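Participant: Please see the structure below; I have some questions.
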Amino acid sequence: CLCYLSVQPLQNLRQMDLSYSVNLKELPDLSTAINLRKLFLSGCSSLIKLPSCIGNATNLEDLDLNGCSSLVELPSFGDAINLQKLLLRHCSNLVELPSIGNAINLRELDLYYCSSLIRLPSSIGNAINLLILDLNGCSNLLELPSSIGNAINLQKLDLRRCAKLLELPSSIGNAINLQNLLLDDCSSLLKLPSSIGNATNLVYMNLSNCSNLVELPLSIGNLQKLQELILKGCSKLEDLPININLESLDRLVLNDCSMLKRFPEISTNVRALYLCGTAIEEVPLSIRSWPRLDELLMSYFDNLIEFPHVLDIITNLILSDKDLQEVPPLIKRISRLQTLILKGYRKVVSLPQIPDSLKWIDAEDCESLERLDCSFHNPEITLFFGKCFKLNQEARDLIIQTPTRQAVLPGREV
583 CLCYLSVQPL QNLRQMDLSY SVNLKELPDL STAINLRKLF LSGCSSLIKL PSCIGNATNL
643 EDLDLNGCSS LVELPSFGDA INLQKLLLRH CSNLVELPSI GNAINLRELD LYYCSSLIRL
703 PSSIGNAINL LILDLNGCSN LLELPSSIGN AINLQKLDLR RCAKLLELPS SIGNAINLQN
763 LLLDDCSSLL KLPSSIGNAT NLVYMNLSNC SNLVELPLSI GNLQKLQELI LKGCSKLEDL
823 PININLESLD RLVLNDCSML KRFPEISTNV RALYLCGTAI EEVPLSIRSW PRLDELLMSY
883 FDNLIEFPHV LDIITNLILS DKDLQEVPPL IKRISRLQTL ILKGYRKVVS LPQIPDSLKW
943 IDAEDCESLE RLDCSFHNPE ITLFFGKCFK LNQEARDLII QTPTRQAVLP GREV
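Throughout the sequence shown, residue numbering follows the working numbering, covering 583 to 996 in sequence.
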């Protein structure tokens with residue numbers, strides 16, 4: 583088995599690939615490999631350390647250490663001036679990243695699921711050409727250094743599942759070329775800095791399941807290129823900034839923001855608005871004048887009938903009360919409805935008349951459903967009635983005889 587490696591002078595070596603040498607524990611001195619461009623060590627799960635000369639490999643461009651799960655530390659990369667990719671995925675014992683030093687040409691730094699990593703070096707700011715920084719799954723990461731703002735060419739910052747991260751440094755606003763900011767499942771995150779409004783090239787921001795996030799800064803209104811804002815599961819979010827209009831916002835997701843009571847009006851240009859699981863009980867009349875809105879997803883609530891101006895806007899309806907015994911008859915009046923989700927409504931006995939616009943019905947596991955007091959006129963419709971074992975023969979015949987894109991009937995009980 584390959585535990586240790588001995589090599590002769592390697593002045594002409596440009597690429598070395600030892601990927602998945604699972605018994606390799608350490609590398610020899612590679613100081614003579616002065617022209618080494620690419621070093622692939624992915625999957626070397628027994629590798630404990632790298633020779634210090636790696637950090638002085640001035641011609642090294644790609645270093646792949648993905649899956650080197652025994653690696654505890656790395657040498658300084660102070661003189662690796664041509665290093666462009668540093669890949670450290672699943673280096674689960676790596677506690678700290680050494681100095682980046684003069685690695686000014688670093689384009690991609692991948693620390694995906696380096697679950698023991700606590701911090702980044704302040705020298706990360708020297709990587710002025712860094713485009714992608716992936717910290718997804720760094721569950722012990724406590725903070726980002728303020729120097730991160732010096733990485734002015736950063737385009738994607740992935741902080742998903744950094745569960746101990748409390749806040750972003752205010753310098754993040756200096757990352758003026760940032761386009762994608764992913765903060766999903768940062769459950770300790772309390773707020774965003776107001777300087778986030780300076781990152782005016784942001785296109786996508788995901789804050790899903792940031793369960794301690796209470797508010798967004800007013801400066802978010804400066805993000806005029808933002809196309810998607812995902813706030814799903816921000817259970818302490820009580821309100822959104824008002825009197826701002828994100829001109830490019832295409833999709834706003836607020837599902838399961840259970841404390842949110844006021845209807846969001848942060849963009850009248852939004853095309854898709856998801857509001858399931860919120861405490862919103864009033865829908866403004868102005869929604870009818872939103873020029874691009876063609877997808878409104880919201881939970882059914884008892885007083886929806888008091889807002890008839892909504893009925894011709896809703897395209898997707900998920901009934902949220904699992905104790906519901908009948909589907910409300912007003913469903914027929916939702917003239918643009920395309921999707922109806924009833925899955926798991928075990929007390930519903932019948933399905934009333936539905937609009938002809940409907941393209942998708944999911945009534946799987948509605949174990950009490952017996953009758954279909956409706957007809958299906960859209961040949962593009964998809965019907966799911968799996969596990970609806972009480973459906974009478976008339977209902978089954980209707981499903982079988984109706985032209986559909988797809989239909990699922992209950993099978994025989996076993």
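By construction, the Cβ of each residue, glycine as well, lies at the ideal position given by its N, Cα and C atoms.
Given the structure is predicted, the values throughout are model-derived calculations rather than measurements.
Is E678 helix, strand or coil by DSSP?
Facilitator: Indexing the sequence shown from 1 puts residue 678 at position 96. Strand.
Participant: As a quick exercise: from T921, V677, Q597 and S777, pick the residue whose alpha carbon is nearest that of N722.
Facilitator: As a first step, residue 722 must be located in the sequence shown, where it is residue number 140. It is V677.
Participant: With distances taken between CB atoms, is the gap from E718 to Q737 smaller than 8 Å?
Facilitator: Within the sequence shown, residue 718 is the residue found at index 136, counting from 1. Within the sequence shown, residue 737 is the residue found at index 155, counting from 1. According to the sequence as given, residue 718 is Asn; it is not Glu. Result no, Cβ atoms of N718 and Q737 do not sit closer than 8 Å.
Participant: Please report whether the beta-carbon of I802 lies at a distance below 8 Å from any beta-carbon of chain B.
Facilitator: The chain inventory of the structure shown lacks chain B, comprising one protein chain alone.
Participant: Using DSSP with H/G/I as helix, E/B as strand and the rest coil, what is L693?
Facilitator: Taking the sequence shown and counting its residues from 1, the one referred to as residue 693 is at position 111. Collapsing the DSSP output to three states places L693 in coil.
Participant: State the DSSP-derived secondary structure class of S881, mapped to helix, strand or coil.
Facilitator: By one-based count along the sequence shown, residue 881 stands at place 299. S881: strand per DSSP, three-state reduction.
Participant: Please report the distance separating the alpha-carbon of G625 from that of S917.
Facilitator: What you label residue 625 is simply residue 43 of the sequence shown in a count that begins at 1. What you label residue 917 is simply residue 335 of the sequence shown in a count that begins at 1. For G625 and S917, the distance between alpha carbons rounds to 56 Å.
Participant: Less than 8 Å between C-beta atoms, sequence neighbours within five positions excluded: which residues of the same chain meet that for D938?
Facilitator: Taking the sequence shown and counting its residues from 1, one reaches residue 938 at position 356. Answer for D938: H959 and N960, listed in chain order.
Participant: Could you compute how far the alpha carbon of D767 sits from the alpha carbon of L726?
Facilitator: Reading the sequence shown from its first residue, position 185 is the one you call residue 767. Reading the sequence shown from its first residue, position 144 is the one you call residue 726. Distance between the alpha carbons of D767 and L726: 17 Å.
Participant: Report yes if the C-beta distance between S658 and L623 is below 8 Å; otherwise report no.
Facilitator: In the sequence shown, counting from the first residue as 1, residue 658 sits at position 76. In the sequence shown, counting from the first residue as 1, residue 623 sits at position 41. No, Cβ-Cβ distance for S658 and L623 is not below 8 Å.
Participant: When burial is assigned at 16 or more other CB atoms within 10 Å of the CB, is H672 buried or exposed?
Facilitator: If you number the sequence shown from 1, residue 672 lands on position 90. Buried.
Participant: Tell whether a beta-carbon distance below 8 Å holds between N788 and I754.
Facilitator: To locate residue 788, count along the sequence shown from 1; it is residue 206. To locate residue 754, count along the sequence shown from 1; it is residue 172. Cβ atoms of N788 and I754: not closer than 8 Å.
Participant: Based on Cα-Cα distance, which residue from V796, E829, L831 and K969 lies nearest to S840?
Facilitator: Counted from its first residue, the sequence shown places residue 840 at position 258. Nearest C-alpha to S840: V796.
Participant: Going by DSSP in three states, K738 sits in which element: helix, strand or coil?
Facilitator: The residue labelled residue 738 in the question sits at position 156 within the sequence shown. If DSSP states are grouped into helix, strand and coil, K738 belongs with the strands.
Participant: With a threshold of 8 Å on Cβ separation, who are the neighbours of N617 within its own chain once the five nearest residues in sequence on each side are excluded?
Facilitator: Your numbering for residue 617 matches position 35 in the sequence shown. Cβ within range, chain order: Q593, N594, L595, R596 and N641.
Participant: Take the Cβ of L912 as the centre, count every other Cβ of all protein chains shown within 10 Å, and call the residue buried at 16 or more, exposed below.
Facilitator: Here residue 912 corresponds to residue number 330 of the sequence shown, with the count starting at 1. Answer is exposed; the Cβ neighbour count stays below 16.
Participant: Where are the beta strand (DSSP E) runs, 3 residues long or more, that stay fully inside the stretch 765-832, in chain order?
Facilitator: With a minimum length of 3 residues, the continuous beta strand (DSSP E) runs that stay inside the stretch 765-832 are 786-788 and 810-812.
Participant: With distance defined between alpha-carbon atoms, name the residue in I663, N732, E690 and Y927 nearest to A945.
Facilitator: For the purposes of this step, residue 945 is taken as residue 363 along the sequence shown, with counting starting at 1. If we check each option's Cα against that of A945, Y927 comes out closest.
Participant: Can you give me the Cβ contacts of L919 inside the same chain, cut-off strictly under 8 Å, excluding the 5 residues immediately before and after it?
Facilitator: Mapped onto the sequence shown, residue 919 falls at position 337. Apart from sequence neighbours up to five positions away, the residues of its chain that approach L919 with a beta-carbon distance below 8 Å are I896, T897, N898, L899, I913, I936, P937, S939 and L940, ordered along the chain.
Participant: Taking only three categories from DSSP, how would you classify K914?
Facilitator: On the sequence shown, position 332 is the one that residue 914 refers to. When secondary structure is reduced to three states using DSSP, K914 falls in the helix class.
Participant: In three-state DSSP terms, what is L893?
Facilitator: One-based indexing of the sequence shown puts residue 893 at position 311. Residue state, collapsed to three classes: helix.
Participant: Going by DSSP, name the residue or residues bridged to S634.
Facilitator: Indexing the sequence shown from 1 puts residue 634 at position 52. DSSP output for S634 lists no bridge partner at all.
Participant: List the endpoints of the continuous beta strand (DSSP E) containing D599.
Facilitator: As a working mapping, residue 599 is identified with position 17 in the sequence shown. Where D599 is concerned, the enclosing beta strand (DSSP E) stretches over Q597 to D599.
Participant: Report yes if the C-beta distance between L669 and N684 is below 8 Å; otherwise report no.
Facilitator: Walking along the sequence shown from the start, residue 669 turns up at place 87. Walking along the sequence shown from the start, residue 684 turns up at place 102. No, the pair does not count as a contact, with Cβ atoms beyond the cut-off.
Participant: Going by the beta-carbon positions, is the gap between L579 and L805 smaller than 8 Å?
Facilitator: Nothing about residue 579 can be reported from this structure: the residues present for the chain run from 583 to 996 only.
Participant: Hey, out of E749, V892, S881 and R853, whose CA is closest to L771's CA?
Facilitator: Here residue 771 refers to the residue found at position 189 when the sequence shown is read from its first residue. Among E749, V892, S881 and R853, the Cα nearest to that of L771 is on E749.
Participant: Hey, out of K843, R874 and S801, whose CA is closest to E863's CA?
Facilitator: Indexing the sequence shown from 1 puts residue 863 at position 281. It is K843 whose Cα lies nearest to the Cα of E863.
Participant: L764: which of L715, I682 and L632 sits nearest, CA to CA?
Facilitator: As a first step, residue 764 must be located in the sequence shown, where it is residue number 182. L764 has its Cα closest to that of L715, out of L715, I682 and L632.
Participant: What span of residues does the alpha helix (DSSP H) with L980 cover, start to end?
Facilitator: Here residue 980 corresponds to residue number 398 of the sequence shown, with the count starting at 1. Taken as a continuous stretch (DSSP letters only), the alpha helix (DSSP H) holding L980 covers Q975 to Q983.
Participant: Here's the rule I'm using: 16 or more other beta-carbon atoms within 10 Å means buried, otherwise exposed. How should L871 be labelled?
Facilitator: By one-based count along the sequence shown, residue 871 stands at place 289. According to the sequence as given, residue 871 is Ser; it is not Leu. S871 comes out exposed.
Participant: Classify R742 as buried or exposed, calling it buried when 16 or more other Cβ atoms lie within 10 Å of its own Cβ.
Facilitator: Residue numbering aside, residue 742 sits at position 160 when the sequence shown is read from its first letter. It counts as buried.
Participant: Taking all protein chains shown into account, do 16 or more other C-beta atoms lie within 10 angstroms of the C-beta of Q761, making it buried, or fewer, making it exposed?
Facilitator: In the sequence shown, counting from the first residue as 1, residue 761 sits at position 179. So Q761 counts as buried.
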